[in-house]
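Residue numbers (UniProt numbering): 1 to 292.
Each remark here refers to the structure printed beneath this line.
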């Protein structure tokens with residue numbers, strides 16, 4: 001079990017927990033670093049609870065006790081929540097000790113675990129739900145800022161082959177939010193955002209939600225600031241020893257959503273793709289090898 005799964009369990013069970021355990025669960029959601037770093041007694045005191053409440057919460061979530069739950073938070077803290085400078089420093093330490101091969105292995109193994117999460121039934125249902133929202137939209141606005149720009153760009157680029165209703169909010173010339181002025185209840189906003197959450201991405205979600213736009217959020221936590229307003233929520237693991245949280249699972253979701261939209265697009269999509277290919281040939285976009 002990883003922290004994302006713990007967050008999901010808390011979210012699912014929270015409404016039915018007794019008040020004491022709700023307070024403990026709320027503290028765990030709001031203060032994950034404290035759980036990772038502090039003893040059960042210290043955490044309980046900070047939360048204004050008896051130590052037994054944290055133990056009971058851990059048992060409620062399927063752990064043998066608090067220490068087992070705490071280990072999940074420790075792993076989460078070690079893998080993904082340090083500052084960029086701290087993560088870079090750790091990478092350089094490993095480089096100085098000639099650990100390139102072991103680091104590469106860890107990077108690949110982390111991505112393998114991240115992508116395995118996409119095969120979980122709940123995640124597959126979430127991706128299918130996201131596809132349904134996007135397929136029904138009059139217009140799709142797409143956001144992915146900073147390190148997650150590749151996921152947003154890919155989705156917009158791929159959909160441009162067979163759809164004419166997508167807009168990438170890129171922020172060129174300082175115009176990031178301008179296209180959202182036209183967004184309304186028949187539209188959808190697809191947003192990719194991880195901690196630390198880009199301010200403009202969060203603002204776009206809040207604005208779009210207030211306008212009645214259906215939001216599809218691809219993010220890393222059930223308590224992400226873009227999670228609550230979402231019509232469809234896809235939660236991803238993104239742990240990696242690298243500098244930034246992994247972009248690989250977000251790219252995988254972008255590819256999956258584009259593929260699912262093609263799969264359900266019927267003959268209209270096929271005709272649009274044929275026209276797009278003809279236009280690309282007209283402009284000689286791709287290099288053609290001479291064949292004898």
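Glycine included, C-beta positions come from ideal geometry on N, C-alpha and C.
Quiz item: Should residue 70 go down as buried or exposed, given a rule of 16 or more other Cβ atoms within 10 Å for buried?
Solution: The residue in question, residue 70, is buried, as its Cβ has 16 or more Cβ neighbours within 10 Å.
Quiz prompt | residue 214 - DSSP class collapsed to helix/strand/coil | solution = Assignment of residue 214 by DSSP, reduced to helix, strand and coil, places it in the strand class.
Quiz item: Under a three-way DSSP split, which group does residue 173 fall into?
Solution: Helix, per DSSP.
Quiz item: How is the alpha helix (DSSP H) around residue 154 delimited, first residue to last?
Solution: First-last of the alpha helix (DSSP H) with residue 154: 149-159.
Exercise. Run the CB neighbour count on residue 238, radius 10 Å, all protein chains shown included, and call it buried at 16 or more, exposed below.
Key: When all chains shown are included, residue 238 counts as buried.
Quiz item: Three-state secondary structure (DSSP) at residue 144?
Solution: In the structure shown, residue 144 falls within a strand segment according to DSSP collapsed to helix, strand and coil.
Self-check item: Sequence-distant residues of the same chain with beta carbon closer than 6 angstroms to residue 292, five excluded per side
Solution: For residue 292, the pLDDT reaches just 43, beneath the cut-off of 50, and the residue's location in the model is therefore unreliable, although a value from the coordinates is still provided. Cβ within range, chain order: n/a, list empty.
Quiz item: Taking Cβ positions, are residue 189 and residue 158 nearer each other than 8 angstroms?
Solution: No, the Cβ-Cβ distance between residue 189 and residue 158 is not below 8 angstroms.
Quiz item: Around the Cβ of residue 73, are there at least 16 other Cβ atoms within 10 angstroms (buried) or fewer (exposed)?
Solution: Counting C-beta atoms within 10 angstroms of its own C-beta, residue 73 has 16 or more neighbours from the protein chains shown and is therefore classed as buried.
Quiz item: Going by other Cβ atoms of all chains shown within 10 Å of its Cβ, with 16 needed for buried, is residue 280 buried or exposed?
Solution: Exposed, by the Cβ-count rule.
Exercise. Just the C-alpha distance for residue 276 and residue 286, rounded to the nearest angstrom, thanks.
Key: Just so you know, the alpha carbons of residue 276 and residue 286 end up roughly 13 angstroms apart.
Practice problem: Compute the beta-carbon to beta-carbon distance between residue 24 and residue 53, rounded to the nearest angstrom, for a pair I have assumed lies under 8 angstroms. | Solution: At roughly 5 angstroms, the Cβ-Cβ gap stays under 8 angstroms, so residue 24 and residue 53 are in contact.
Quiz item: The alpha helix (DSSP H) with residue 269 in it runs from where to where?
Solution: DSSP places residue 269 in the uninterrupted alpha helix (DSSP H) bounded by 266-282.
Exercise. Please classify residue 292: does DSSP put it in a helix, a strand, or coil?
Key: Per-residue confidence for residue 292 stands at a pLDDT of 43, beneath the threshold of 50, marking its modelled position as unreliable; no derived number is given.
Quiz prompt | C-alpha gap between residue 271 and residue 161, whole angstroms | solution = Between the C-alpha atoms of residue 271 and residue 161 there is a straight-line separation of about 10 angstroms.
Exercise. Report the partner residues of residue 188 according to the DSSP bridge assignment.
Key: Per DSSP, the beta-bridge partners of residue 188 are 140, 214.
Quiz prompt | Beta-bridge pairing of residue 193 - partner residues as DSSP gives them | solution = Residue 193 pairs with 219.
Exercise. Could you check how far apart the C-beta atoms of residue 138 and residue 165 are, in whole angstroms? I think they sit under 8 angstroms.
Key: That pair is a contact at about 7 angstroms.
Quiz prompt | C-alpha gap between residue 260 and residue 131, whole angstroms | solution = Cα to Cα, the separation comes out at about 7 angstroms.
Quiz item: If you check the beta carbons only, do residue 47 and residue 40 fall under 8 angstroms apart?
Solution: Cβ distance not < 8 angstroms, so residue 47 and residue 40 don't count as in contact.
Quiz item: At a cut of 8 angstroms, does the stretch 206-220 reach the stretch 179-194 through at least three beta carbon pairs?
Solution: Taking a cut-off of 8 angstroms on C-beta distances, the stretch 206-220 touches the stretch 179-194, as three or more cross pairs fall below it.
Practice problem: Tell me residue 235's beta-bridge partners as DSSP assigns them. | Solution: As DSSP reads the structure, residue 235 sits in a beta bridge with 219.
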